[in-house]
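Chemist:
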Amino acid sequence: MQATASNPTVSVAQGDLPDDLREVQAVLASMLARGEGERLLDVVLTLLAKVRRDNTQLSLRVQELLRALYGRKSDKVSSAQLALVLESLELASESESESESESESESESESEPEPEPEPEPTKPPPARGRRGRQPLPAHLPRRRVEVAVAPAERVCETCGGEKACFGHLTSEILDFVPGRFEVVEERREKLACRACGDGVVVADSVKVREKGRPGPGLLADLVVSKFADSLPLYRQGQRYARLGVELSSSTLGEWNAFAVDLLAPVAGALRSEVFASGYVHADDTPLRVLDRDAANGVKRGHIWTCVGGGAVAFSYTPSWHASQAARVLGSYEGFVQGDGYAGDEAVLEGHGVLVPEERRLGCLMHVRSKFVAALQSGDARAAVPIAYLKAVYEVERSVKAQTLSAETFAIERHQQRQIASVPVLEQLRQWLEENASKLVPKTPLSKAVVYAQNQWHRVLRCFSDGRFEIDNGQAERQLRVVALGRKNYLFAGSDEGAERIAIAYTVVGSCRLAGVNPYTYLRDVLTKLQGGWPHKQLGELIPARWNERDGPEASPAASA
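Just so you know, we're using my numbering here: the sequence shown kicks off at 6 and counts up by one.
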C-alpha cells in the first residue's frame with residue numbers, strides 16, 4: 006500500500022509487529038487519516054519519552070547491580086578523579102564569547118610565538134629507604150633451638166685441632182602451632198570423719214556445664230569462631246576433626262547455645278551501658294529465620310545495633326513492624342543517629358518511643374553515597390557536592406589526627422567545624438537549592454538532591470556539638486560482621502536462635518570496641534558466671550571494665 010497526500014497511511018510490514026503494536030499502528034493510521042497530525046506527533050513523542058525514560062532507569066539499575074557484584078564497595082572518590090570531573094564541568098560551562106576571545110588570543114600568540122622556556126634539569130628520585138623488619142611482639146612464648154656446626158667442620162684443616170665456640174648468630178623465626186585439645190581429669194576430693202563415718206563432703210566441680218564435657222576454653226572458642234570469625238558450626242566440626250576429635254554439629258550447637266545463654270546477663274548489662282550514654286548510633290539489617298508458618302518456611306527478621314558509651318548492643322525483632330521495632334529503643338530519650346530510612350520514622354513516632362525531632366541526627370555518609378552513585382552513573386554534576394563533602398571530611402580527619410583528651414577533643418572539633426565546615430555546608434545548601442528544580446525527576450542525581458534536602462536539618466544538627474559524629478559509620482561498621490556471618494550460616498533456626506545471635510554479637514562486638522581479646526575474655530567470664538557471679542556485680546564483667554582489672558593479667562596482648 007502506497008501513501009498519498011489525500012490518503013496517508015502508515016506502511017509497516019505486518020509480520021514484523023506483535024499483536025499489541027499492530028493495535029497501536031491501527032490507531033496511529035486512523036489519526037493520520039483524519040488529519041490529526043499534531044495530535045499524532047504528540048502521542049508519538051510521549052511514547053518515545055516514556056520508552057527512553059524506562060530504558061534509562063533500566064540501564065541505571067543494571068549498572069548498579071553490576072557495581073554491587075563486581076565494583077568497589079567504597080564511596081571514596083580520589084582527589085585526582087574529582088578534580089578532573091570538576092575541570093570538565095568548568096570547561097563545559099564556558100560561554101561562547103569566552104571561547105571566541107580565547108581563540109583570538111591563541112591566534113595572536115601563534116603570530117608572535119614566545120620563546121620556549123628551557124627545561125629544568127630533572128632531579129633523580131630520592132632513594133627509598135628500607136624500613137626494615139618490625140620486631141616480633143615481646144609477649145609471644147619463645148623456645149631456643151641450638152644449631153651445632155656439622156661434625157666434619159668442627160676440626161681445623163690447618164692444625165687438626167678442635168675448633169672452639171666464640172659466639173652465635175641469632176635470628177628469630179615466627180612459627181605457628183595449631184590449636185590442640187587436652188583432657189582435664191577432674192579429681193574431686195571426698196572427706197569423711199574416720200571416727201564416726203559421718204560428715205561426708207565432696208569438693209565442688211570446676212566444670213562449666215554440669216552434665217556435659219566442654220571446658221570454658223572450648224565454649225569460648227565456639228562463640229568466637231562463629232560470631233567473631235563467622236565460621237559456621239559444621240566448619241568448626243571439620244576443624245576439630247583435623248585436630249583429632251569428632252564432634253557433631255548438633256553437639257556443637259547445643260554447647261554454643263548453652264554458652265550464649267550464660268552470657269545473656271552480661272549482654273543486658275551492656276545494653277544498659279549503651280543507652281546510659283545519651284547518644285546512640287542505630288541501624289538494622291535483615292536476617293532469615295526458619296518459620297513453618299511463613300511462606301517457603303523462612304521469614305525475614307531484623308537484627309538491630311545500637312552503639313554508644315564504648316559498647317554495642319544488638320537486638321532481634323521477628324519482623325519489621327513498628328510495634329516490635331520500637332522495643333529496641335524502649336523508653337530511651339537521648340540522641341539517636343540514623344540514616345533517615347523512612348521506616349525508622351514509623352518506629353520513632355507512633356509507638357511510645359520518646360525521641361523528639363530535635364534529638365535525631367542525620368548521616369552525611371549516606372548523603373555522600375547517593376551523590377557518588379549519581380557520579381558513577383555518568384552525571385558529572387554530582388562532582389560538585391562530592392567536592393564540598395570531601396572538604397568537610399578533611400576537617401574531621403585533621404581534628405582526629407591531633408592527640409587530645411576526650412573533653413578537649415569535643416571542644417576543638419566543634420570550633421573547627423564552625424570555622425571550616427559550616428561555611429562549606431552553606432555553599433552546598435545553596436547548590437542544592439539552585440539545581441533542585443533543574444534536574445529530571447527520579448534520576449540518580451535528583452534522588453540524591455531530594456534525600457540531602459530532606460535530611461538537611463538533621464545533618465546540620467550533627468555540627469551543633471563536638472561530641473556528635475557527622476555520620477552513622479559506627480553502627481554501619483558493627484553490622485558488617487553480621488552481614489559476613491549471615492553469608493556463612495545463612496539463617497537462624499528459630500526466633501530463640503536469632504535472640505542468641507543478638508546476645509553473642511553484643512558481647513563479642515563490645516570486646517572488639519574495647520580492644521579486648523574475645524577468647525581470653527569469654528574463657529574467664531564463662532567460668533565466673535557459671536561459678537555464681539553476683540548479679541549486682543555484672544557491671545564489672547563489661548569488657549572495658551574487665552580489661553582494666555583482669556585483662557592485663559589474663560592476656561598482656563589483648564586485642565580484638
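Every residue, glycine too, gets a C-beta built ideally from N, C-alpha and C.
Which whole-angstrom value describes the C-beta separation of Y284 and R472, a residue pair presumed to lie in contact below a C-beta threshold of 8 Å?
Modeler: Sequence index remark: in the sequence shown, residue 284 carries index 279 (1-based). Sequence index remark: in the sequence shown, residue 472 carries index 467 (1-based). Confirmed, about 6 Å.
Chemist: With a Cβ-Cβ cutoff of 8 Å, do L268 and V521 count as a contact?
Modeler: Looking up residue 268 in the sequence shown gives position 263. Looking up residue 521 in the sequence shown gives position 516. No. Outside cutoff.
Chemist: Looking at T413 and P221, is the spacing between their C-beta atoms short of 8 Å?
Modeler: By 1-based counting over the sequence shown, the position of residue 221 is 216. By 1-based counting over the sequence shown, the position of residue 413 is 408. No.
Chemist: By DSSP's criteria, A509 is part of a beta bridge. Which residues make up the other side?
Modeler: By 1-based counting over the sequence shown, the position of residue 509 is 504. DSSP, once it has assigned bridges, lists no residue as partnering A509.
Chemist: Need the endpoints of the alpha helix (DSSP H) that F340 sits in, please.
Modeler: The residue labelled residue 340 in the question sits at position 335 within the sequence shown. First-last for F340: F340 to Q342, but that is the beta strand (DSSP E), not the alpha helix (DSSP H).
Chemist: Measure the alpha-carbon distance for L437 versus S64 and round it to whole angstroms.
Modeler: Your numbering for residue 437 matches position 432 in the sequence shown. Your numbering for residue 64 matches position 59 in the sequence shown. Going from the Cα of L437 to the Cα of S64 covers about 25 Å.
Chemist: Tell me which residues share the same chain as F263 and place their Cβ nearer than 7 Å to its Cβ, disregarding the 5 neighbours each side in the sequence.
Modeler: Start at 1 with the first residue of the sequence shown, and residue 263 comes out as number 258. The residues are R214.
Chemist: Can you tell me whether DSSP reads S102 as helix, strand or coil?
Modeler: Indexing the sequence shown from 1 puts residue 102 at position 97. Confidence in S102 is poor, its pLDDT being 46 and thus under 50, which makes the residue's placement unreliable; the coordinate value appears in the next sentence. Of the three classes helix, strand and coil, the one that applies to S102 here is helix, per DSSP.
Chemist: Any idea if C516 is buried or exposed, counting beta-carbon neighbours within 10 angstroms, 16 or more meaning buried?
Modeler: Translated into positions along the sequence shown, residue 516 becomes position 511. Taking all protein chains in view, the Cβ of C516 is crowded by 16 or more other Cβ atoms within 10 Å, so the residue is classified as buried.
Chemist: From which residue to which residue does the alpha helix (DSSP H) around S320 run?
Modeler: The sequence position of residue 320 within the sequence shown is 315, counting from 1. The continuous stretches of alpha helix (DSSP H) do not include S320, which lies in the beta strand (DSSP E) extending over residues A316 to T322.
Chemist: Is D470 helix, strand or coil by DSSP?
Modeler: Residue mapping note: residue 470 aligns to position 465 of the sequence shown, counting from 1. DSSP places D470 in coil when its eight states are reduced to three.
Chemist: So what's E167 in DSSP terms, helix, strand or just coil?
Modeler: As a first step, residue 167 is located in the sequence shown; it is residue number 162 there, counting from the start. Assignment of E167 by DSSP, reduced to helix, strand and coil, places it in the strand class.
Chemist: Assuming I506 and Y321 make a contact with CB atoms under 8 Å, what is their CB distance in whole Å?
Modeler: As a working mapping, residue 506 is identified with position 501 in the sequence shown. As a working mapping, residue 321 is identified with position 316 in the sequence shown. Indeed they touch by this definition, with Cβ atoms about 7 Å apart.
Chemist: So, for F340: in the same chain, excluding its five sequence neighbours on each side, which residues have a beta-carbon less than 8 Å away from its beta-carbon?
Modeler: Numbered from 1 along the sequence shown, position 335 holds the residue referred to as residue 340. Cβ within range, chain order: G283, Y284, V285, R364, R365, L366 and F473.
Chemist: Are the CB atoms of L546 and V530 nearer to each other than 8 Å?
Modeler: Start at 1 with the first residue of the sequence shown, and residue 546 comes out as number 541. Start at 1 with the first residue of the sequence shown, and residue 530 comes out as number 525. Yes, the pair counts as a contact, with Cβ atoms nearer than the cut-off.
Chemist: Under the rule that 16 or more other beta-carbon atoms within 10 Å means buried, what is N636, buried or exposed?
Modeler: This structure cannot speak to residue 636, because the chain is shown only from 6 to 565.
Chemist: Measure the alpha-carbon distance for S499 versus V228 and round it to whole angstroms.
Modeler: In the sequence shown, counting from the first residue as 1, residue 499 sits at position 494. In the sequence shown, counting from the first residue as 1, residue 228 sits at position 223. Approximately 18 Å between the Cα atoms of the pair.
Chemist: Using only the alpha-carbon positions, how far apart do L430 and Y393 sit?
Modeler: Sequence index remark: in the sequence shown, residue 430 carries index 425 (1-based). Sequence index remark: in the sequence shown, residue 393 carries index 388 (1-based). C-alpha separation (whole angstroms): 7 Å.
Chemist: Once DSSP output is grouped into helix, strand and coil, what is the label at R554?
Modeler: On the sequence shown, position 549 is the one that residue 554 refers to. Note: R554 maps to helix in three-state DSSP.
Chemist: How about E400 and Q460: are their beta carbons less than 8 Å apart?
Modeler: Counted from its first residue, the sequence shown places residue 400 at position 395. Counted from its first residue, the sequence shown places residue 460 at position 455. Strictly speaking, residue 400 in this sequence is Val, with Glu absent from that position. Contact: no.
Chemist: So the alpha helix (DSSP H) R422 belongs to, where does it begin and stop?
Modeler: Within the sequence shown, numbered from 1, the residue matching residue 422 stands at position 417. No alpha helix (DSSP H) contains R422, which DSSP labels as neither H nor E.
Chemist: Along the chain, which unbroken stretches of the alpha helix (DSSP H) at least 4 residues long are found entirely within the stretch 476-532?
Modeler: 478-494 and 500-519
Chemist: Could you give the distance in angstroms between the alpha-carbon of Y239 and the alpha-carbon of R218?
Modeler: To locate residue 239, count along the sequence shown from 1; it is residue 234. To locate residue 218, count along the sequence shown from 1; it is residue 213. C-alpha separation (whole angstroms): 19 Å.
Chemist: How far does the beta strand (DSSP E) with V294 in it extend, from its first residue to its last?
Modeler: Start at 1 with the first residue of the sequence shown, and residue 294 comes out as number 289. That run of the beta strand (DSSP E) goes Y284 to L295.
Chemist: Give the straight-line distance between the Cα atoms of E278 and G313, rounded to the nearest whole angstrom.
Modeler: Residue mapping note: residue 278 aligns to position 273 of the sequence shown, counting from 1. Residue mapping note: residue 313 aligns to position 308 of the sequence shown, counting from 1. The alpha-carbon atoms of E278 and G313 are separated by roughly 8 Å.
Chemist: Buried or exposed: where does D344 fall if 16 or more other Cβ atoms within 10 Å of its Cβ makes it buried?
Modeler: Taking the sequence shown and counting its residues from 1, the one referred to as residue 344 is at position 339. By the 10 Å Cβ count, D344 comes out buried.
Chemist: The alpha helix (DSSP H) with G273 in it runs from where to where?
Modeler: What you label residue 273 is simply residue 268 of the sequence shown in a count that begins at 1. For G273, the enclosing alpha helix (DSSP H) starts and ends at S254 to A281.
Chemist: With a threshold of 7 Å on Cβ separation, who are the neighbours of S382 within its own chain once the five nearest residues in sequence on each side are excluded?
Modeler: For the purposes of this step, residue 382 is taken as residue 377 along the sequence shown, with counting starting at 1. Closer than 7 Å at Cβ, skipping near neighbours: L65, Q68 and P449.
Chemist: Under the rule that 16 or more other beta-carbon atoms within 10 Å means buried, what is K375, buried or exposed?
Modeler: For the purposes of this step, residue 375 is taken as the residue at position 370 of the sequence shown. With 16 or more other Cβ atoms within 10 Å, it is buried.
Chemist: For the ligand SAH, any of its heavy atoms closer than 7 Å to the Cβ of F376?
Modeler: The ligand SAH is absent from the structure shown, which contains no ligands of any kind.
Chemist: When DSSP labels each residue in this structure, what does H307 get in the three-state scheme?
Modeler: Walking along the sequence shown from the start, residue 307 turns up at place 302. Correct three-state label for H307: strand.
Chemist: In angstroms with no decimal places, state the Cα-to-Cα distance between P120 and V82.
Modeler: Counting from 1 along the sequence shown, the entry for residue 120 is found at position 115. Counting from 1 along the sequence shown, the entry for residue 82 is found at position 77. In this prediction, P120 scores a pLDDT of 47, lower than 50, which makes its location untrustworthy; no coordinate-derived value is stated.
Chemist: Quick check: what's the CA-CA separation for L292 versus W325?
Modeler: One-based indexing of the sequence shown puts residue 292 at position 287. One-based indexing of the sequence shown puts residue 325 at position 320. The alpha-carbon atoms of L292 and W325 are separated by roughly 11 Å.
Chemist: Return helix, strand or coil for L222, following the three-state DSSP convention.
Modeler: Position 217 of the sequence shown, counted from the start, is the residue given in the question as residue 222. Residue 222 is actually Gly in this sequence, not Leu. G222 sits in a helix when the DSSP states are folded into three classes.
Chemist: Which value, in whole angstroms, describes the spacing of the CA atoms of M36 and L26?
Modeler: The residue you call residue 36 lines up with position 31 of the sequence shown. The residue you call residue 26 lines up with position 21 of the sequence shown. Going by the C-alpha atoms only, they are around 15 Å apart.
Chemist: Starting from W325 and walking both ways along the alpha helix (DSSP H), at which residues does that stretch end?
Modeler: Translated into positions along the sequence shown, residue 325 becomes position 320. Premise fails: W325 is in no alpha helix (DSSP H) and is neither H nor E.
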